[in-house]
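See structure below.
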Amino acid sequence: MIVACVGQVLICLPANRLRAEEESGPSFRIEQWVDQVLPQVLQDYVHLHQNPEVSFREEQTSQFVAQQWRAAGFEVTQGIGGFGVVAVLENGAGPTLMLRTDLDALPVTEATGLPYASTRTVETESGTRSGVMHACGHDLHMANLIGVARILSQHRDAWQGRLMLIGQPAEERGAGAAAMLRDGLFSRWGKPDFAVALHCESATPVGKVAVSPGYSLANVDSVDITVKGIGGHGSAPETTVDPIVQAAQLVLDLQTIVSREIKPQEPAVVTVGSIHGGTKHNIIGDQCHLQLTVRSYSDQVRQHLLAAIKRKALAVAQSYRAPEPEIRVSEGTPALRNDDALTARLVTRFRQTLGEDNVLPMAPVMGGEDFSRYGLAGVPIVMYRLGVISQERLQRYAELGQSPPSLHSAEFYPDAEPALQTAMVSMVAAALELLPPQ
Numbered sequence: 176m177i178v179a180c181v182g183q184v185l186i187c188l189p190a191n192r193l194r195a196e197e198e199s200g201p202s203f204r205i206e207q208w209v210d211q212v213l214p215q216v217l218q219d220y221v222h223l224h225q226n227p228e229v230s231f232r233e234e235q236t237s238q239f240v241a242q243q244w245r246a247a248g249f250e251v252t253q254g255i256g257g258f259g260v261v262a263v264l265e266n267g268a269g270p271t272l273m274l275r276t277d278l279d280a281l282p283v284t285e286a287t288g289l290p291y292a293s294t295r296t297v298e299t300e301s302g303t304r305s306g307v308m309h310a311c312g313h314d315l316h317m318a319n320l321i322g323v324a325r326i327l328s329q330h331r332d333a334w335q336g337r338l339m340l341i342g343q344p345a346e347e348r349g350a351g352a353a354a355m356l357r358d359g360l361f362s363r364w365g366k367p368d369f370a371v372a373l374h375c376e377s378a379t380p381v382g383k384v385a386v387s388p389g390y391s392l393a394n395v396d397s398v399d400i401t402v403k404g405i406g407g408h409g410s411a412p413e414t415t416v417d418p419i420v421q422a423a424q425l426v427l428d429l430q431t432i433v434s435r436e437i438k439p440q441e442p443a444v445v446t447v448g449s450i451h452g453g454t455k456h457n458i459i460g461d462q463c464h465l466q467l468t469v470r471s472y473s474d475q476v477r478q479h480l481l482a483a484i485k486r487k488a489l490a491v492a493q494s495y496r497a498p499e500p501e502i503r504v505s506e507g508t509p510a511l512r513n514d515d516a517l518t519a520r521l522v523t524r525f526r527q528t529l530g531e532d533n534v535l536p537m538a539p540v541m542g543g544e545d546f547s548r549y550g551l552a553g554v555p556i557v558m559y560r561l562g563v564i565s566q567e568r569l570q571r572y573a574e575l576g577q578s579p580p581s582l583h584s585a586e587f588y589p590d591a592e593p594a595l596q597t598a599m600v601s602m603v604a605a606a607l608e609l610l611p612p613q
C-alpha cells in the first residue's frame, strides 16, 4: 500500500532529471547512486511523515533513524542529549565531516489532504490536544540523511575519512544542539572538521539549492514582560494605576527601538506577539502580560535591543508611578553564520554537480536555527536551503495571487521525490568534496 501511495500520490509531478555535466561525469555517477536508493528512501519518508513526534518526545523517530543508520554499517549510539543519535563510519585517515538532521515535528493539525497525512495527536504543555505534523520538513531531512548514509556506505571507494551523522532532537525548541553538546557530543566523538546541514525552503523551486554567505539566520530571544498596576473599578480609573494603558504605551514605545536606535544597515526586529490583560468590562486589573520576539545578527545589536526594551518598560512604569515591571529574557538560538571558506567550496561543488542555474544566492532571514551552536563551538558550518516545491505548483499559487504554504503551515508539503533527489545529490556531492580519497 505504501509503495502504491509512493508511486501514485507522493510524486505530484514527474521528477526532473538533474543536469549532468557529462553522462560519464561525477554528477551522473552520483545521480545513479541516488536513483538506486530513492524508492526505499521514499518509503522511509512516508513512514516518517505519518509518525511525527514533537520536541523532547522523539523516541520512536530516533529509534527508526538509528535502525536505518545501523543497517547501513554505521556505529550508532542513542540517547545523546535526550533522544539524539550519533552514527560514525570510519573509512581511513582523513578529516571528519558531520552531517546533521533534526528529528522533531510540530503541534500542528495537518491540512494537506495527502493520503499519507499524519493523524497523530499529542497533549500539549497547556493541557489541550493538538495534531502533530512535520510542517517544517524534518521528515524530508531525515529521509535524505538515511539515503546519504546508504550511498556513502556502499561507495566507500569514492571518499576517505570519518563520517559522523547526528539526529538532533528538539530543534523546534532551540534546545537540541545545546543538549547534545552538554552530553559530550564533541568531547566523546571529537570535534569535526566541517559540519553541513540542509533545510527545506518553500519559496525556492524544487531542483535548486540556495546558500547565504555569512550570516544566514538570526539571534532569537524571547522576552516576557509583566506590566504591573493597581486594580480597581472601571468607573473610577483615577483610583487605579491601569496596567493596560501602560502596556499600550509600551507597545508603541518599543517600535521606536529599531527605527530610531539601530543603524538601518543592521538587521533587527522587535515584535510584540501577544498581549493579555483584564478579566471584565468594568474591572481594571493589576497586571498585563506581553510576549516579544527579538531578532538580530550581531551580539552588539542584540544587547542593545534587550537593554532598550528594559529601559523603555521601566520608563513607562515610572511615568505612571506604577510598580516596577517583571522582565524575563529567554535566549533561544544564536545567529547562524555560514563559514566563508566552506561556503565558497560547497557553492563551487554544487554548481559543478547541479548546474549553475540551480545554485541560487539567498538573502539572510530573521528565522532561527540551533545548528548555529556547532559553529559557536568552533566548527566551520554551512546550512544551505533546499527547494521543495515544483515550479508548476509555485506558478499556480502565483496565478491565484497567493504565496505557497510556508514552513510551519498546516498546508505545507514538499514534492518529495524530486526534492529528495536534489537533497541526496547535493549532500553526497558535499561529502565527496570534503572527504576526498587520498
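Numbering-wise, this note's numbering puts 439 at position 264 of the sequence shown, and it's gapless, one number per residue.
Ideal Cβ positions, reconstructed from N, Cα and C, are used throughout, including at glycine.
Simplified DSSP state of Gln440, which is helix, strand or coil = Your numbering for residue 440 matches position 265 in the sequence shown. Coil.
query = Based on Cα-Cα distance, which residue from Thr252, Gln207 and Ala490 lies nearest to Leu327?
reply = Within the sequence shown, numbered from 1, the residue matching residue 327 stands at position 152. Out of Thr252, Gln207 and Ala490, Gln207 has the C-alpha closest to the C-alpha of Leu327.
request  = May I ask you to verify whether the segment 375-394 touches the segment 290-300, counting CB pairs closer than 8 angstroms and requiring at least 3?
outcome  = no
query = Since Ser164 sits in a beta bridge, which residues does DSSP pair it with?
reply = The requested residue 164 is not part of the displayed model; the chain covers only 176 to 613.
ask   = Just curious, the beta strand (DSSP E) that Val297 is in, first and last residue?
value = Against the sequence shown, residue 297 aligns to sequence position 122. From DSSP, the beta strand (DSSP E) with Val297 extends over Thr296 to Glu298.
query = Roughly how many angstroms lie between the CA atoms of Ile459 and Ala422, to the nearest whole one?
reply = If you number the sequence shown from 1, residue 459 lands on position 284. If you number the sequence shown from 1, residue 422 lands on position 247. The straight-line gap from Cα to Cα measures roughly 13 angstroms.
task = Below 8 angstroms on the Cβ atoms is my guess for Ile502 versus Asp358; work out the distance and round it to an integer in Å.
result = Translated into the one-based positions of the sequence shown, residue 502 becomes position 327. Translated into the one-based positions of the sequence shown, residue 358 becomes position 183. Actually they are not in contact, since the Cβ atoms of Ile502 and Asp358 sit about 31 angstroms apart, beyond 8 angstroms.
Contact check, Val283 vs Met317, beta carbons under 7 angstroms = Translated into the one-based positions of the sequence shown, residue 283 becomes position 108. Translated into the one-based positions of the sequence shown, residue 317 becomes position 142. Cβ atoms of Val283 and Met317: not closer than 7 angstroms.
request  = Provide the residue span of the alpha helix (DSSP H) that contains Thr518, from first to last.
outcome  = Position 343 of the sequence shown, counted from the first residue, corresponds to residue 518. Its alpha helix (DSSP H) spans residues Asp515 to Leu529.
key: Length of the line joining the Cα atoms of Met602 and Val534   = Within the sequence shown, numbered from 1, the residue matching residue 602 stands at position 427. Within the sequence shown, numbered from 1, the residue matching residue 534 stands at position 359. Straight-line Cα distance between these residues: approximately 13 angstroms.
message = Quick check on Ser305: does DSSP put it in helix, strand or coil?
response = As a position in the sequence shown, residue 305 is number 130, starting the count at 1. Strand, per DSSP.
query = Can Arg524 be considered in contact with the ligand SAM, in the sense that its beta carbon sits closer than 6 angstroms to one or more heavy atoms?
reply = Absence of the ligand SAM is noted for the structure shown, with no ligands found whatsoever.
query = Since Gly407 sits in a beta bridge, which residues does DSSP pair it with?
reply = One-based indexing of the sequence shown puts residue 407 at position 232. Paired residue(s): Ile459.
Through-space distance from Pro367 to Ala552, alpha-carbon basis = On the sequence shown, position 377 is the one that residue 552 refers to. On the sequence shown, position 192 is the one that residue 367 refers to. Note on geometry: alpha-carbon atoms of Ala552 and Pro367 lie some 10 angstroms from one another.
ask   = Run through DSSP, which three-state label would Ala226 get?
value = Taking the sequence shown and counting its residues from 1, one reaches residue 226 at position 51. Just to set this straight, residue 226 is Asn in the shown sequence, not Ala. Reduced to three states, the DSSP call for Asn226 is coil.
query = Helix, strand or coil for Gly359 per DSSP?
reply = What you label residue 359 is simply residue 184 of the sequence shown in a count that begins at 1. Here Gly359 sits in coil by DSSP.
query = Out of curiosity, what's the CA-to-CA distance linking Gly542 and Val554?
reply = Here residue 542 refers to the residue found at position 367 of the sequence shown. Here residue 554 refers to the residue found at position 379 of the sequence shown. Cα-Cα distance, rounded: 21 angstroms.
query = When the cut-off is 7 angstroms and only beta carbons count, does Arg204 lie next to chain D?
reply = No chain D appears in this structure, which consists of one protein chain only.
Where Leu575 falls, given that 16 or more other Cβ within 10 Å makes a residue buried = If you number the sequence shown from 1, residue 575 lands on position 400. Exposed, by the Cβ-count rule.
Stretch pair the segment 333-343 + the segment 582-602: three plus CB contacts closer than 8 angstroms = no
request  = With a threshold of 16 other CB atoms inside 10 Å of the CB of Asp219, please say whether the residue is buried or exposed.
outcome  = Working through the sequence shown from its first residue, we reach residue 219 at position 44. By the 10 Å Cβ count, Asp219 comes out buried.
ask   = What are the boundary residues of the alpha helix (DSSP H) that Asp314 is part of?
value = Along the sequence shown, one-based indexing puts residue 314 at 139. Start and end: His313 to Gln329.
query = In terms of residue numbering, what span does the alpha helix (DSSP H) encompassing Leu569 cover?
reply = Locating residue 569 in the sequence shown gives position 394, where the first residue counts as 1. Gln566 to Glu574 is the span of the alpha helix (DSSP H), which, as asked, contains Leu569.
Boundaries (first-last residue) of the beta strand (DSSP E) holding His374 = One-based indexing of the sequence shown puts residue 374 at position 199. Counting along the chain, His374 sits inside the beta strand (DSSP E) bounded by residues Phe369 to Pro380.
request  = Along the alpha helix (DSSP H) that carries Ala241, what are the first and last residues, could you check?
outcome  = Here residue 241 is taken as the residue at index 66 of the sequence shown, counted from 1. Taken as a continuous stretch (DSSP letters only), the alpha helix (DSSP H) holding Ala241 covers Glu234 to Ala246.
ask   = Going by C-alpha distance, which of Gly302, Val297 and Asn319 is nearest Val212?
value = For the purposes of this step, residue 212 is taken as residue 37 along the sequence shown, with counting starting at 1. When each option's Cα is compared against that of Val212, the closest is Asn319.
ask   = How about Val469 and Val398: are their beta carbons less than 7 angstroms apart?
value = By one-based count along the sequence shown, residue 469 stands at place 294. By one-based count along the sequence shown, residue 398 stands at place 223. Cβ distance < 7 angstroms, so Val469 and Val398 count as in contact.
query = Since Ile556 sits in a beta bridge, which residues does DSSP pair it with?
reply = Taking the first residue of the sequence shown as position 1, residue 556 is located at position 381. Answer is Ala370.
message = Residues in the same chain with beta-carbon distance under 6 angstroms from Pro270, minus the five sequence neighbours each way, listed in chain order, please.
response = Locating residue 270 in the sequence shown gives position 95, counting from the first residue. For Pro270, where only same-chain residues beyond five positions count, the Cβ hits under 6 angstroms are Gly336 and Asp368.
task = Give a yes or no on whether the C-beta atoms belonging to Val260 and Val240 are separated by under 7 angstroms.
result = On the sequence shown, position 85 is the one that residue 260 refers to. On the sequence shown, position 65 is the one that residue 240 refers to. In this structure, Val260 places its C-beta atom within 7 angstroms of the C-beta atom of Val240.
query = Are the Cβ atoms of Thr294 and Arg304 separated by less than 7 angstroms?
reply = Residue numbering aside, residue 294 sits at position 119 when the sequence shown is read from its first letter. Residue numbering aside, residue 304 sits at position 129 when the sequence shown is read from its first letter. In this structure, Arg304 does not lie closer than 7 angstroms to Thr294 by Cβ.
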